[in-house]
């Protein structure tokens, strides 16, 4: 199985990337090369094996850590928005969404 | 004093505490050296391009504050000792870019926990270090701000992704640096530049404020010239961060120096058959054999072990890490921080052009891979399958550790390659990660220890891998080796050069 130009368009759209036709073509070749390498992995028999998400779960039980639902951070809006591309009155500006 | 950059970190801390050295004098010395090594299109001559940002005022102010604490007899264990941070750690006092155009000019409103802990220990920050964009790369050639070069040979790569960190320590621009390791990004550049670096057990050091690449793999660690220096740094860096990092381990901070001098008598060193195959260059093999011979002299015994899924770790890692990256990097949308494309016609146009303008080629490639393997219809075949093999790889290590105390092998199949050699072929660079990926996938601590020079007079590192939370054992083995040998004392000619 190899990826087709349509797949690249679909994945780029899902990933919110805008690729030129040159970039798409290059990406297609590279991704197909990569997925050839991945084939050996697909052939491995993993029946009955639990997926491992947190590596240390291989050593000890990992419980999701919860904390009290209390505000712990002071209001820091100005500093937090200092690197934003466009801000007005404490709000992040984006292009018009609803006409 | 002109040879401050040859003084070990432990010795420097001692002299500062005894006030035989001044924090301002030390900072100034390294600032002058660092300023000659800023990355950029104009980098030339002996410039390694290791630094992305310095700020003389910030560093001097921190040094003066450190000196005031030293004068008052207070101060932390590393008071007044300089350090530079990989540009993956967010810092209030310096810009943070993660090596990406996406974050050009970004100023974080807070410091990463690791940065904060090292400052609490008294360390003075010299600036930020070059790295592959969002830590994705093995040669530091994916930085948007220019390559970093290997101080042993400026026509070669320093390794990556913590390439600037390794180059800066090797060139004597800083006594220590922070690095991060997702699939080998501390160990491989440490090996390529002839320094010592350790990636602790996943969860030992807080990930808070480390710009996320692959969250289930990312781990911070120190890079310095010796195991003793790394032990000091690691002691300051690690510890639980329960309110800030949900994956931080509930394991108390530890003094990693305590076991440095333990005897190696009877230590069982496992040599995985799969680490010594055809892909391993002869010069690397010979250097590691020498180091193993030294360890045997110290009473260690070597035993063969098996890590049968070593080769599979490449596809498994390059499925899982891009999957996590594609999710983590979705936050870069041109709204809250970072780059924004000009004159967007609508929100979708804003997202797509912002991201394609802001991210470099390798980052976009990994986002594409990650998006694909997580997409409907492919998740089970790729992502879930990779997570299952990840567990098998972790089990293989547990099996091996029933027969040995530590595992040793190469860090990389070859010494540092020439600039540009692998940059056109991403797969070639993925394949060269083969020896570092297994420990990353299993979340185990691993380190690189210099063990001599190979082809072209380039450094070779030996990798040591320990079981979970066995960092002090690794540091112990490395320290004992470094007491017997002087490989870690060898410096590139560039490190002895005075600043202009």
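Residue numbers (the numbering used here), protein chains in the order written: chain A, 5 to 103; chain B, 872 to 1371.
Beta carbons are placed, not taken as given, at the ideal position from N, Cα and C, and that holds for glycine.
Exposed or buried, what is residue i when buried is set at 16 or more other beta-carbons lying within 10 Å of its beta-carbon?
i: residue 71 of chain A; result: exposed
i: residue 969 of chain B; result: buried
i: residue 1317 of chain B; result: buried
i: residue 866 of chain B; result: The structure shown does not extend to residue 866 of chain B, since chain B is modelled only from 872 through 1371, so no value can be given for it.
i: residue 950 of chain B; result: buried
i: residue 1276 of chain B; result: buried
i: residue 1260 of chain B; result: buried
i: residue 1082 of chain B; result: buried
i: residue 880 of chain B; result: buried
i: residue 872 of chain B; result: Caution applies to residue 872 of chain B, whose pLDDT of 48 falls short of 50 and renders its modelled position unreliable; the model cannot decide the point.
i: residue 1299 of chain B; result: exposed
i: residue 107 of chain A; result: The structure shown does not extend to residue 107 of chain A, since chain A is modelled only from 5 to 103, so the question has no answer here.
i: residue 80 of chain A; result: exposed
i: residue 1127 of chain B; result: buried
i: residue 1345 of chain B; result: buried
i: residue 908 of chain B; result: buried
i: residue 1343 of chain B; result: buried
Would residue i and residue j qualify as a contact pair, given that the criterion is a beta-carbon distance under 7 angstroms?
i: residue 1332 of chain B; j: residue 1321 of chain B; result: yes
i: residue 1079 of chain B; j: residue 1005 of chain B; result: no
i: residue 1109 of chain B; j: residue 1076 of chain B; result: yes
i: residue 1289 of chain B; j: residue 1237 of chain B; result: no
i: residue 1244 of chain B; j: residue 1190 of chain B; result: yes
i: residue 1395 of chain B; j: residue 1307 of chain B; result: In this structure chain B extends from 872 to 1371, so residue 1395 of chain B is not present and cannot be described.
i: residue 1035 of chain B; j: residue 1019 of chain B; result: yes
i: residue 906 of chain B; j: residue 938 of chain B; result: no
i: residue 1222 of chain B; j: residue 63 of chain A; result: no
i: residue 1352 of chain B; j: residue 1233 of chain B; result: no
The alpha helix (DSSP H) with residue i in it runs from where to where?
i: residue 1258 of chain B; result: 1256 to 1271
i: residue 1225 of chain B; result: 1218 to 1229
i: residue 1159 of chain B; result: 1153 to 1168
i: residue 1108 of chain B; result: 1098 to 1108
i: residue 1319 of chain B; result: Taken as a continuous stretch (DSSP letters only), residue 1319 of chain B belongs to no alpha helix (DSSP H), being part of the beta strand (DSSP E) at 1317 to 1324.
i: residue 1196 of chain B; result: 1184 to 1199
i: residue 1239 of chain B; result: 1232 to 1245
i: residue 1000 of chain B; result: Segment 995 to 1000 is the beta strand (DSSP E) holding residue 1000 of chain B; no alpha helix (DSSP H) there.
i: residue 1355 of chain B; result: 1342 to 1355
i: residue 986 of chain B; result: 984 to 991
i: residue 36 of chain A; result: 25 to 46
Which residues mark the beginning and the end of the beta strand (DSSP E) in which residue i is found?
i: residue 953 of chain B; result: 953 to 957
i: residue 1139 of chain B; result: 1139 to 1143
i: residue 1094 of chain B; result: 1090 to 1095
i: residue 911 of chain B; result: That residue, residue 911 of chain B, is in no beta strand (DSSP E); it is neither H nor E in DSSP.
i: residue 1275 of chain B; result: Looking at the DSSP string, residue 1275 of chain B is not in any beta strand (DSSP E), and its letter there is neither H nor E.
i: residue 973 of chain B; result: Element bounds for residue 973 of chain B: n/a, residue is neither H nor E.
i: residue 102 of chain A; result: Where residue 102 of chain A is concerned, there is no enclosing beta strand (DSSP E), given that its DSSP letter is neither H nor E.
i: residue 1334 of chain B; result: 1330 to 1337
i: residue 856 of chain B; result: No information on residue 856 of chain B is available, as it lies outside the stretch 872 to 1371 that chain B covers here.
i: residue 924 of chain B; result: 922 to 925
i: residue 1173 of chain B; result: 1172 to 1176
i: residue 1069 of chain B; result: 1067 to 1070
Can you list, in chain order, the residues of its chain with a C-beta nearer than 6 angstroms to that of residue i? Leave out the 5 residues immediately preceding and following it.
i: residue 911 of chain B; result: 1017
i: residue 994 of chain B; result: 949, 952 and 954
i: residue 1118 of chain B; result: 1074
i: residue 961 of chain B; result: 967, 979, 983 and 1080
i: residue 23 of chain A; result: 16
Between which residues of its own chain and residue i is the CB-CB distance below 7 angstroms, once the five residues before and five after are set aside?
i: residue 976 of chain B; result: 966
i: residue 1015 of chain B; result: 970, 971, 972, 1004 and 1231
i: residue 1301 of chain B; result: 1185 and 1189
i: residue 1054 of chain B; result: 1088, 1188, 1192, 1304, 1307, 1308 and 1311
i: residue 1349 of chain B; result: 1067, 1098, 1318, 1320 and 1335
i: residue 1225 of chain B; result: 1204, 1205, 1210, 1211 and 1212
i: residue 1022 of chain B; result: 919, 1038, 1041, 1042, 1064, 1363, 1365 and 1366
i: residue 1096 of chain B; result: 879, 1040, 1066, 1067 and 1359
Below 8 angstroms CB to CB, which residues in the same chain sit around residue i once its five sequence neighbours on both sides are set aside?
i: residue 1121 of chain B; result: 1111 and 1113
i: residue 1274 of chain B; result: 1139, 1141, 1174 and 1176
Can you confirm whether the region 1027 to 1037 of chain B touches the region 980 to 987 of chain B when touching is taken to mean that 3 or more C-beta pairs between the two stretches lie within less than 8 angstroms? no
When you compare the region 989 to 998 of chain B with the region 923 to 931 of chain B, are there three or more beta-carbon pairs, one atom per stretch, that lie closer than 8 angstroms? yes
Below 8 angstroms, how does it come out for the region 1158 to 1177 of chain B and the region 25 to 38 of chain A: are there three or more Cβ pairs, yes or no? no
Under 8 angstroms, with one C-beta from each stretch per pair, do the region 1245 to 1264 of chain B and the region 40 to 53 of chain A reach the 3-pair mark? yes
Evaluate contact between the region 879 to 893 of chain B and the region 87 to 103 of chain A, counting only Cβ atoms and requiring at least three cross-stretch pairs below 8 angstroms. no
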